[in-house]
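Trainee: Quick one: this structure, given as structure tokens, is what I'll be asking you about.
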Amino acid sequence: MRVRWLRGGGFGTSKAMRADRRMLDAVRGFEAAMEARSDEELRRLTELFRRRVAEGEPLDTLLPEAFATVREAARRESDVDVTDAHLRGAAALHRGLIAEMHPAEEPMTAMVPAAYLNALTGEPVHVLTRDEFTARRHATRLGGVLERLGLETGVLIGDMTREARRAAYVADVVFGVTFRFCSDYLSDNLVMAEDERVQRGLGFAVVDEAGALMIDDVQTTTVVSEIGDAPSPWIKTFAWVAAGLRRDVDYQVVEKESRVTVSEAGIKRAESLLGIDDLYNPNYGLLVRFLESSLEAKELYHAGEHYVVHDGAVVKLDQKSGTLDLTFHFGDGLHRAIEAKEGLPVSQDRQTGAEITRWAYFRLYDKLAGLTGSVSTDRDLYRLLYRLDVTVIPPQVPLLRVDQADLFCRSDEVKWRGIADLVAERHLRGQPVLVDVTSDENADMLGAMLEARQVAYRSTAGLTPEEEAEILAGVGARAAVTIVVNAPYRATHIRLGDAASTAEDRDELIELGGLLVIGSERRLLRRDDELLAQLAGNPGEPGETRFFMAPKDPLLVKEKMPPSGLMPDEPMYGAPLSRASLKIQKNYAALLGEKYKEMLSQYEIDEAHRAEVYRWRNQVLSGEDLDAEIRGHLTAVLDRYVSRFLQGVSPWAWQLDELRTALRNLLGRRVVLPEASGDVTSQRDILTAAVRQAGERALAARMDEVGAEDWPRMRRTVLVGAIDLHWRRFLSEQRDLLEAVNLETIHGGDPLARYRKDSVDRFTAMTRLIEEKAIEELFAAEVESSQ
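Numbers 1051 to 1837, taken from this note's numbering, label the letters of the sequence shown in order.
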């Protein structure tokens, strides 16, 4: 039976629900036969399915039988249960949708049937996560179902060698952290031979926590870099200068755009501190950039929030997961500016060899899908960024959670006191409580307040993902109090009770109202609030949420409200303020959408250039028509030589001697130019033909000199080397260009139009430089025999 799907996501429409019911009925039709099969018979079905796909059977036709096979294999695994909701989610993933599922439904289980079905084509399936702990957990828990059916699974963790990663990518389904997939893609486009690559293609991708990875991290850039020059002594000097400049006097911080602008007073003060007359004098090179980076490090990047100092080095701190990214390097001079601010030794500069944004990498997959706990405010963004529709998979049983009205407080002190009092009250009843905080410092402060009230608690502050998982497993226990740093970003669900709880214990917890989740503030993204609320009350179980707010919360600071003078010393309910905070979140989402639209216009230009360079480079590595390509490059270079030296309408103005010298330097041999006659056009055509013929003869002689055995290696090495050299320079120049065109906004210009024009012009110039460099090296490089 072939399942016919609706176009788009459906959003729970009656037609979409009918299509899902038809799919589920078709799956159930195979279940009895699957249950009767032995483990070995189930495994053999995989090879049968592969043959059917290879013979042309569509995956949609095979879907019900394949899904029934997976459900039966999962039933035989002790910890995996593929429900109807999971099958609906799997169908959505197979169709290339973003699927919303409640965290209590174990959403990643929906990945298993979709991954199995798509792996039958032989194309790789990648499961991308936020961190290695999650990748290992999914590979361990869910990979067993796939392996039971004869598929191979791989996982990318830790500091694996290139050979180990290549072995992992051979698997049918590969689990790993997103950064590693991006990094390996870039590295594969820097290899000198095709067989050095580790990835075997980009087939089907399932993105876990899609909201975080595909929306929040859309601008995150993975960079493969090389150690460059020694650090400039100016870096430490400007860290000192930045410390001496005054906010709102010498510079302004634009919070919404996360940037710092230096005022005229700030420039003069910096010049005075440095003892120089003109900071913009070309003789001082990049001093203005050093100043900007130092001020950004001072105002926009804070220890404990954006990074930590770990083993004497600056290490990025993931603000959502709380994990350290030892591989990340802040770009554009910012990393070294932060090192100087912290008083650390300044590291050597890094030269970018390749880079790619999360957005660009995700779009490389033939089919892309994702799972998330909330799509309420992100539907339009998924369409804008990835042209993907979304669908909501309702839980198996209804939600019973109660969302209490927000409480507004006059000050932070009142807010935290109110939270501590509420926790103490519910703890005394025996009700489990989870409190979400946004930093380790807030966790420690609240912990001290609970200790003063003689409330025992556990906190995730400063813990590893493995240690956090252990604490989160006990959140639902009777009278448990748990402080969780950035709880919305913990991809988990919470069960009432603990491992030792009986049915009577669980009934008592239900009588108490289930888990109480307290939010210490409303976040800028409504999705984050919804993800936090979902932790309170699994489908079919009671639960309760309560959010506290105060004027200094980031959400309220953005709009400078509410007026604290109107608020009492105790927490108060405020429906108008709740509506106002919701409006702020909607405005922020709209602002984000506009920002992403502008970003996409720039990214699409950059991506077109990257794709063209990688296509060119891969063509060189594959050896396709390289001699013809080299002849084309040689002709183009020689024609430019002719245009350069034969300018003017009169042959008397032509620089024939200079042309002969340039040709001798390029080709390594003397070139005899014929005596041309006739009109100017005829003479130029005769000389052009002669120069081209001289180039052809020189190339043939060079090929004979190198030898048939070594020539393919030399031409590949020279061409790839020229591409890599000028592509690295181009990337560096593009960053300079982006800084320059951003000034167009200040002066009323169109920065995107300028960026597009200058980017195209620079890219065209780069291709010419690559041609010239390659031809120069082909004739000048020493011949190294491969024998």
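Ideal Cβ placement from N, Cα and C applies to all residues, glycine included. Predicted model only: the values in this text are computed from it and were never measured.
Tell me where the alpha helix (DSSP H) around P1114 begins and ends.
Mentor: Its alpha helix (DSSP H) spans residues L1109 to R1125.
Trainee: Mark T1211 as exposed unless 16 or more other C-beta atoms lie within 10 angstroms of its C-beta, in which case mark it buried.
Mentor: With fewer than 16 Cβ atoms within 10 Å of its Cβ, T1211 is classed as exposed.
Trainee: Going by beta carbon distance, what residues of the same chain come within less than 7 Å of R1057, once the five residues before and after it are set aside?
Mentor: Reliability of the predicted coordinates at R1057 is poor, the pLDDT of 41 falling under 50, and no value is obtained from them.
Trainee: Among L1147, A1165, D1707 and S1128, which one has its Cα closest to the Cα of L1113?
Mentor: Taking only the C-alpha atoms, the option nearest L1113 is A1165.
Trainee: Return the CA-CA distance between R1785 and A1347, expressed in angstroms with no decimal places.
Mentor: Straight-line Cα distance between these residues: approximately 18 Å.
Trainee: Please report how far the alpha carbon of E1338 lies from the alpha carbon of V1220, in whole angstroms.
Mentor: Strictly speaking, residue 1338 in this sequence is Val, with Glu absent from that position. So the two alpha carbons sit approximately 48 Å from each other.
Trainee: Roughly how many angstroms separate the alpha carbons of P1613 and I1469, rounded to a whole number?
Mentor: Any reading at P1613 is ruled out, since the residue's pLDDT is 49, under 50, leaving its predicted position unreliable.
Trainee: Quick check: F1813 and L1716, are their CB atoms within less than 8 Å of each other?
Mentor: Their beta carbons are not under 8 Å apart, which means F1813 does not touch L1716 by this criterion.
Trainee: Please indicate yes or no: does the CB of V1365 lie closer than 7 Å to some heavy atom of the ligand COA?
Mentor: This structure lacks the ligand COA, and indeed carries no ligand of any kind.
Trainee: In angstroms with no decimal places, state the Cα-to-Cα distance between T1422 and E1517.
Mentor: One C-alpha to the other measures close to 24 Å.
Trainee: Pick out the complete alpha helix (DSSP H) segments inside the stretch 1489-1574, 4 residues or longer, and give them in chain order.
Mentor: For the stretch 1489-1574, whole alpha helix (DSSP H) runs of length 4 or above, ordered along the chain, are 1490-1502, 1515-1522 and 1553-1561.
Trainee: Would you mind sorting V1810 into buried or exposed? The rule is 16 or more other CB atoms within 10 Å of its CB.
Mentor: Exposed, since its Cβ has fewer than 16 Cβ neighbours within 10 Å.
Trainee: With a threshold of 6 Å on Cβ separation, who are the neighbours of A1141 within its own chain once the five nearest residues in sequence on each side are excluded?
Mentor: Excluding positions up to five away in sequence, the list reads M1073.
Trainee: Does the contact criterion of 3 or more C-beta pairs under 8 Å hold for the stretch 1500-1516 versus the stretch 1527-1546?
Mentor: Contact holds: three or more Cβ-Cβ distances are below 8 Å.
Trainee: Per DSSP, what kind of secondary structure is G1403 in: helix, strand or coil?
Mentor: Correct three-state label for G1403: strand.
Trainee: Here's the rule: buried if 16 or more other CB atoms are within 10 angstroms of the residue's CB, otherwise exposed. What is W1055?
Mentor: With a pLDDT of only 43 at W1055, under 50, the local geometry of the prediction cannot be trusted, and no value is derived from it.
Trainee: With distances taken Cα to Cα, identify the nearest neighbour of P1448 among A1154, E1105 and D1555.
Mentor: Per the Cα distances, A1154.
Trainee: Between the Cα of T1595 and those of G1139, A1363, A1455 and I1285, spot the shortest distance and give me the residue it belongs to.
Mentor: Comparing Cα-Cα distances from T1595 to each of G1139, A1363, A1455 and I1285, the minimum goes to A1455.
Trainee: What number of angstroms, rounded off, separates the C-alpha of D1089 from the C-alpha of F1780?
Mentor: The alpha-carbon atoms of D1089 and F1780 are separated by roughly 56 Å.
Trainee: Leaving out the 5 sequence neighbours to the left and right, which residues in its chain are closer than 6 Å to D1900 when beta-carbon positions are compared?
Mentor: One cannot answer for residue 1900 here, as it falls past the ends of the chain, which runs 1051 to 1837.
Trainee: Expressed to the nearest angstrom, what Euclidean distance is found between the alpha-carbon atoms of G1261 and L1581?
Mentor: Roughly 10 Å separates the two Cα atoms.
Trainee: Determine the DSSP secondary structure at I1148, reduced to helix, strand or coil.
Mentor: It is a strand residue.
Trainee: Under 8 Å: do the stretch 1763-1773 and the stretch 1736-1744 share three or more Cβ pairs, one atom per stretch?
Mentor: No, the stretch 1763-1773 does not touch the stretch 1736-1744.
Trainee: Tell me which residues share the same chain as E1173 and place their Cβ nearer than 8 Å to its Cβ, disregarding the 5 neighbours each side in the sequence.
Mentor: Excluding residues within five positions, the ones whose Cβ falls inside 8 Å are G1251, G1253, F1254 and D1416.
Trainee: Only counting the same chain, and skipping five residues up and downstream in sequence, which positions put a Cβ closer than 6 Å to that of I1855?
Mentor: Nothing about residue 1855 can be reported from this structure: the residues present for the chain run from 1051 to 1837 only.
Trainee: By how many angstroms is the C-alpha of P1482 removed from the C-alpha of S1551?
Mentor: For S1551 and P1482, the distance between alpha carbons rounds to 13 Å.
Trainee: Grab me the residues of G1480's own chain with a C-beta within less than 7 Å of its C-beta, minus the 5 sequence neighbours each way, in chain order.
Mentor: Taken in chain order, the residues that qualify are R1528, A1529 and L1562.
Trainee: Can you name the start and end residues of the alpha helix (DSSP H) that H1385 belongs to?
Mentor: Element bounds for H1385: L1384 to K1391.
Trainee: For G1204, which three-state DSSP category applies?
Mentor: The answer is strand: DSSP assigns G1204 an E or B state.
Trainee: Decide if G1059 is buried, meaning its Cβ has at least 16 other Cβ atoms within 10 Å, or exposed.
Mentor: With a pLDDT of only 47 at G1059, under 50, the local geometry of the prediction cannot be trusted, and the value read off the model is given with reservation. Its Cβ being crowded by 16 or more others within 10 Å, G1059 is buried.
Trainee: I need the straight-line Cα distance from H1714 to V1721, nearest angstrom please.
Mentor: It is worth fixing the name first, because residue 1714 is Arg in this sequence and not His. Distance between the alpha carbons of R1714 and V1721: 6 Å.
Trainee: Taking 8 Å as the threshold (C-beta atoms), are S1570 and G1354 in contact?
Mentor: Their beta carbons are not under 8 Å apart, which means G1354 does not touch S1570 by this criterion.
Trainee: The alpha helix (DSSP H) that contains V1256, what's its start and end?
Mentor: Where V1256 is concerned, there is no enclosing alpha helix (DSSP H), although the beta strand (DSSP E) it sits in stretches over F1254 to V1257.
Trainee: Does the pairing of the stretch 1632-1652 with the stretch 1746-1758 give three or more beta-carbon distances under 8 Å?
Mentor: The stretch 1632-1652 is not in contact with the stretch 1746-1758.
Trainee: Starting from A1419, trace the beta strand (DSSP E) in both directions and tell me its first and last residue.
Mentor: A1419 -> beta strand (DSSP E) spans K1417 to T1422.
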